[in-house]
Amino acid sequence: MILLQINQLVKRFGAETILNNIKLEVKANDRIAIVGRNGSGKSTLLKIIAGILPYDEGTIHRSKDVTMGYLDQHTGLETKETIWNEMKSVFNELIEEEKALREMEAKMGDPDLLNDPSRYQQLLNQYDNRLQSFKDNGGYQYESDIKTILNGLNFADFDFNTPIYELSGGQKTRLALAKLLLSKPDLLILDEPTNHLDITTLSWLEQFLRSYHGAIVIVSHDRYFLDHTVDIIYEIAHQQSKKYHGNYTKYLEQKALDYEREFKAYEKQQSEIQRMEEFVQRNLVRASTTKRAQSRRKQLEKMNRLDKPKGEEGQASFSFDIKQRSGNNVLKVENLSFRYPNEEKNIFSNLNFTVNRQDRIALVGPNGVGKTTLLKTLISEHQATTGSLTFGTNVEVGYYDQELARLDSRKTVLMELWDEFPHVNEQEIRTVLGNFLFSGEDVLSPVATLSGGEKARLALAKLMMKQSNLLILDEPTNHLDLTSKEILEAALIDFPGTIIFVSHDRYFINEIATHVYELSHDGITVYLGDYDYYVSKKQEQEEIEALNQEKVNTKSVTPEPKTNYHEEKQRKQLERKRLRRIEEIEIEIEALEEKIAENELELIKPEVYQDHEKALELTTANQELTDKIEELMQEWEALHEHSEI
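Heads up: the sequence shown runs through residues 1 to 645, numbered per full-length UniProt numbering.
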């Protein structure tokens, strides 16, 4: 089933054409990514699909009754409501339907209605149909859905009664995504949904979207995310769209093969055209060959000439080199810890690791564990609380700051680079800036007016010119479009020095890392491989730990010292009592639900609904049973909250 179809779409801003001859089709359950350079019109196209922006030419056909949900990359919930109430508002229709069902149940006990079997049967049929629809639409599970999505988007430790206006911008954006996912539209339109998500949350979102019952159209710079969520790619380049089947990696392969094939076809035709033109020129004036020459000329005139394939639009071109080679031992960290002044708790402690020449080390870990703090400690921007770090022979450090705070907004692009390297002549500085797409008058633009991507390219230009042999990079792919990320990867892969970096870009980690260091508050765990290897080893370790725990649970418990015997005995008795009570509640709820089902079956029997007293008795009983289930569920949840950690 086709949900949406776009043909010959054109969008202009003033005299500038942004999109031209765009074709796109979305079928039920499609997983589509729209990719392209920054400024190519991807977000504009999403807004047109969502009906937020108008278009100038072309047609858009939407299937009747199709529901759409749109997440802007800059969206954040702005409301005085609490987290829970805002999420619950998605289900207002279900909540109203639940109230209506309760009212219908109350009417069933009305003596006047019981005296009218026809009206009573009609009400009963309506109730049965609406109750089934209520169940099918998730009437008994929407609260569970809210908790599942909030937990998945990293709100598990939050008080759901927290007002949303008290949250950070990133948290508000995640809540906007949560609310959209709960609404379950037929077509989900997501613009950079991976912003503000750590790796754990990204993995959860990938799994959620893979099992989503609807179509999805995504714009994202996270290539690993695209590889694991989409199977159709639309590329926007030179204002037009081109469709590819497969995930992002497959798209890159197909794109390279298509370009090679089209270029060969173009070259072959150009050779043929040249050969025919030369024949015409040589033979047109000769009487014996003029007819053949005229025939060739007609062939040339009728020929459907191929356009020269368009390669990548202007893109950065750079490589990293070093002034001198470092020793084999680049860095040794021993018992390192860091705590902010006036704070009692360390950000991290007991860090011990070594870095050797040409290592590519990816630092990973949850948000707040101190990855950026560790990098700033390595470059002496922060002073370690305890421990030591020792750099090896001839080590020169180059640092890339994810906040780009080291750029002076008061300077021009040219002077930002030239002041850093005053002994280099202006022409060389301009050449370097040209390689990073700053040409002509662009170099005289104030740094303050640059976009995030432009600032990132300028910071990389400074880093390249420093020629350090140890690069310490904090989220270097932030602000870069997909093409720029690939160019940066190629430069780092060929870099002859050592790299320590923090990144949430799992594709980037896979391409660059030789080691993954997982940072926790209490130390570092080393994995010798890329991101995929790290994930597989983590899963293997978790499985082993689960097996070991299972073995421990089957063994007899070693007696505690006598001094703790009575205390431990009492604790275990309470724990057994808690578990026993949970089991009793579950059995009791199951029995009550079965009783409600039996009563509902009885109510639809003619001999029952015609017996007014019996019908009223069953309706009242069902209400009491429902109230009892709610009480038991509250007790069940409280017992689980007090489970042992």
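Heads up, the beta-carbon is just placed ideally off N, CA and C, and yes, glycines get one too. Quick caveat: nothing in here was measured; it's all calculated off a predicted structure.
Can you tell me whether DSSP reads residue i as helix, strand or coil?
| i | result |
| --- | --- |
| arginine 434 | Strictly speaking, residue 434 in this sequence is glycine, with arginine absent from that position. Glycine 434 falls in the helix class under three-state DSSP. |
| arginine 406 | coil |
| tyrosine 527 | strand |
| alanine 215 | strand |
| arginine 102 | helix |
| asparagine 599 | helix |
| phenylalanine 225 | helix |
| proline 606 | helix |
| glycine 497 | coil |
| leucine 77 | coil |
| arginine 305 | coil |
| histidine 515 | strand |
| histidine 238 | coil |
| leucine 284 | coil |
| glycine 398 | strand |
| glutamine 1 | Note on residue identity: the sequence assigns methionine, not glutamine, to residue 1. Coil, per DSSP. |
| asparagine 7 | strand |
| leucine 470 | strand |
| aspartate 112 | helix |
| proline 117 | helix |
| arginine 325 | coil |
| valine 330 | strand |
| arginine 37 | coil |
| residue 686 | Residue coverage of the chain in this structure runs from 1 to 645, which leaves residue 686 outside it and unanswerable. |
Given a cut-off of 9 angstroms on the beta-carbon distance, is the pair residue i and residue j in contact?
| i | j | result |
| --- | --- | --- |
| glutamate 57 | glutamine 5 | no |
| residue 653 | alanine 178 | For the chain, the structure presents residues 1 to 645; residue 653 sits outside this window and is missing. |
| histidine 221 | arginine 210 | no |
| glycine 14 | isoleucine 236 | no |
| residue 664 | isoleucine 500 | Because residue 664 is not part of the residues shown, which for the chain are 1 to 645, the question remains open. |
| aspartate 186 | valine 66 | yes |
| isoleucine 232 | glutamine 467 | no |
| aspartate 532 | asparagine 510 | yes |
| arginine 580 | glutamate 635 | no |
| leucine 123 | leucine 113 | yes |
| valine 219 | isoleucine 512 | no |
| valine 413 | serine 445 | yes |
Among the options, which residue has its Cα nearest to the Cα of residue i?
| i | options | result |
| --- | --- | --- |
| residue 674 | Glu396, Gly370, Phe508 | Outside the displayed span of the chain (1 to 645) sits residue 674, for which this structure offers no information. |
| lysine 332 | Val355, Asn161, His612 | Val355 |
| aspartate 481 | Gln294, Leu470, Phe508, Lys462 | Phe508 |
| glycine 138 | Leu153, Asn92, Asp110 | Asn92 |
| residue 659 | Ser439, Gln402, Lys605, Ile596 | Outside the displayed range of the chain (1 to 645) lies residue 659, so it cannot be described from this structure. |
| alanine 362 | Thr514, Ala490, Arg457 | Thr514 |
| arginine 305 | Glu166, Gln269, Lys291 | Gln269 |
| residue 719 | Glu166, Ile2, Arg37, Ile49 | Residue numbering for the chain in the displayed model covers 1 to 645; residue 719 lies beyond these limits and cannot be assessed. |
| lysine 250 | Arg223, His74, Gly387, Tyr534 | Arg223 |
| asparagine 352 | Asp522, Arg430, Val552, Val413 | Asp522 |
| proline 111 | Glu613, His423, His640 | Glu613 |
| glycine 368 | Asn20, Ile199, Gly51 | Ile199 |
| proline 422 | Met465, Leu300, Thr386 | Met465 |
| asparagine 125 | Glu594, Met415, Lys605 | Lys605 |
| leucine 417 | Gly440, Ala461, Asn38 | Ala461 |
Measure the C-alpha to C-alpha separation of residue i and residue j and round it to an integer number of angstroms.
| i | j | result |
| --- | --- | --- |
| glutamate 105 | methionine 633 | 22 angstroms |
| arginine 406 | glutamate 550 | 52 angstroms |
| isoleucine 149 | alanine 215 | 19 angstroms |
| glutamine 324 | leucine 471 | 13 angstroms |
| asparagine 195 | tyrosine 259 | 32 angstroms |
| serine 503 | aspartate 474 | 7 angstroms |
| lysine 47 | leucine 53 | 5 angstroms |
| serine 203 | phenylalanine 225 | 8 angstroms |
| glutamate 381 | lysine 537 | 33 angstroms |
| isoleucine 22 | tyrosine 140 | 43 angstroms |
| aspartate 402 | isoleucine 487 | Going by the sequence as given, residue 402 is glutamine instead of aspartate. Taking the straight line from one Cα to the other gives about 18 angstroms. |
| glutamate 644 | lysine 577 | Bear in mind that the predicted position of glutamate 644 carries a pLDDT of just 44, short of 50, making it unreliable; the figure below should be weighed with that in mind. If you take the alpha carbons of glutamate 644 and lysine 577, they lie about 13 angstroms apart. |
| glutamate 560 | glutamate 583 | Bear in mind that the predicted position of glutamate 560 carries a pLDDT of just 49, short of 50, making it unreliable; the figure below should be weighed with that in mind. Those two C-alpha atoms are separated by around 28 angstroms. |
| leucine 175 | glycine 398 | 37 angstroms |
| aspartate 145 | glutamate 489 | 39 angstroms |
| valine 535 | isoleucine 32 | 26 angstroms |
| tyrosine 234 | threonine 449 | 31 angstroms |
| glycine 152 | alanine 591 | 32 angstroms |
| glutamate 630 | glutamate 586 | 12 angstroms |
| glycine 365 | lysine 147 | 24 angstroms |
| glutamate 454 | glutamate 426 | 20 angstroms |
>> Quick check: the segment 391-410 against the segment 533-553, are at least 3 beta-carbon pairs closer than 8 angstroms?
In response: Too few Cβ pairs lie closer than 8 angstroms, so no.
> Is there contact between the segment 188-199 and the segment 64-80, where contact requires at least three CB pairs shorter than 8 angstroms?
Replying inline: Touching, yes.
> Touch check for the segment 156-163 and the segment 73-84: three-plus C-beta pairs under 8 angstroms?
Replying inline: Verdict: yes, contact present.
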